[in-house]
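All remarks here apply to the structure that follows.
See below:
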């Protein structure tokens with residue numbers, strides 16, 4: 103199968119992605135893979151400013167995501183509340 107694109111602009115102009123009104127990126131990017139055989143597969147490699155490398159599986163990412171959700175719920179955040187995070191560039 104040939105994967106080389108000779109007409110990028112034509113392909114781009116015809117591209118369409120249907121995004122539902124309510125979309126949960128955590129579910130799409132992490133939780134789906136955390137269920138079943140892929141839960142122990144590598145999901146992310148993070149290197150901090152000191153050069154320390156941490157690796158996370160889909161299962162670990164789902165667990166950490168759930169912990170964050172529980173913290174937000176514990177401080178009174180409810181569905182629909184706006185939440186923002188300010189993180190350093192990395």
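Residue numbers (my numbering): 103 to 192. For glycine and all other residues, C-beta sits at the position ideal for the given N, C-alpha and C.
Rounded C-alpha distance that separates residue 113 from residue 172 | 43 Å
Nearest-angstrom Cα distance between residue 181 and residue 191?
-> 28 Å
Over what stretch of residues does the alpha helix (DSSP H) that includes residue 165 continue unbroken?
-> 160-176
Over what stretch of residues does the beta strand (DSSP E) that includes residue 149 continue unbroken?
-> 144-149
So, do the stretch 163-179 and the stretch 114-133 have three or more beta carbon pairs nearer to each other than 8 Å?
-> Flag = yes, the stretch 163-179 and the stretch 114-133 touch.
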